[in-house]
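A.B. asks: There's a structure below that I have some questions on.
Numbering (the numbering used here), first residue to last: 1099 to 1234.
What follows is the structure, encoded as structure tokens:
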């Protein structure tokens, strides 16, 4: 305790100065970490739009893989070949379903944030047009 008293005396500060500085620091720290809610929502919205863009591509890829894969002839004499083909189709169908579900979930999150931010659906439509221009 003597060291603190000696430091206060040599620096010319009082207990009131320490109390005031502590209060100022507490107030500063309370306010500096607060980010306006709208800013946080806007950042989350942009991040979700980026995620939605990525999911659009993976969903389209999964859909194309599923829809363009034809099973081998069911008249095949090899039972092993038939079951391997069936298993492959079921895996592609699952990937197709999961990709579409994930895209739909994120789209619902985007819609909820658009409602909170009062952003029109035109933003999504512009993004989708932008996406389509890259994929076509």
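The beta-carbon is built from N, C-alpha and C at its ideal position, and this holds for glycine as well.
Please classify residue 1152 as buried or exposed, where buried requires at least 16 neighbouring CB atoms within 10 angstroms.
C.D. replies: Here residue 1152 refers to the residue found at position 54 of the chain shown. Burial call: exposed.
A.B. asks: Restricting to Cα atoms, I'd like to know which of 1181, 1193 and 1134 is closest to residue 1161.
C.D. replies: Walking along the chain shown from the start, residue 1161 turns up at place 63. The shortest Cα separation from residue 1161 among 1181, 1193 and 1134 belongs to 1193.
A.B. asks: Does the ligand COA have a heavy atom nearer than 7 Å to the CB of residue 1126?
C.D. replies: The model on display carries no ligand, and the ligand COA is accordingly not part of it.
A.B. asks: If you follow the alpha helix (DSSP H) that residue 1133 is part of, which residue opens it and which one closes it?
C.D. replies: Along the chain shown, one-based indexing puts residue 1133 at 35. That residue, residue 1133, is in no alpha helix (DSSP H); it is neither H nor E in DSSP.
A.B. asks: Nearest-angstrom Cα distance between residue 1156 and residue 1197?
C.D. replies: Numbered from 1 along the chain shown, position 58 holds the residue referred to as residue 1156. Numbered from 1 along the chain shown, position 99 holds the residue referred to as residue 1197. The alpha-carbon atoms of residue 1156 and residue 1197 are separated by roughly 7 Å.
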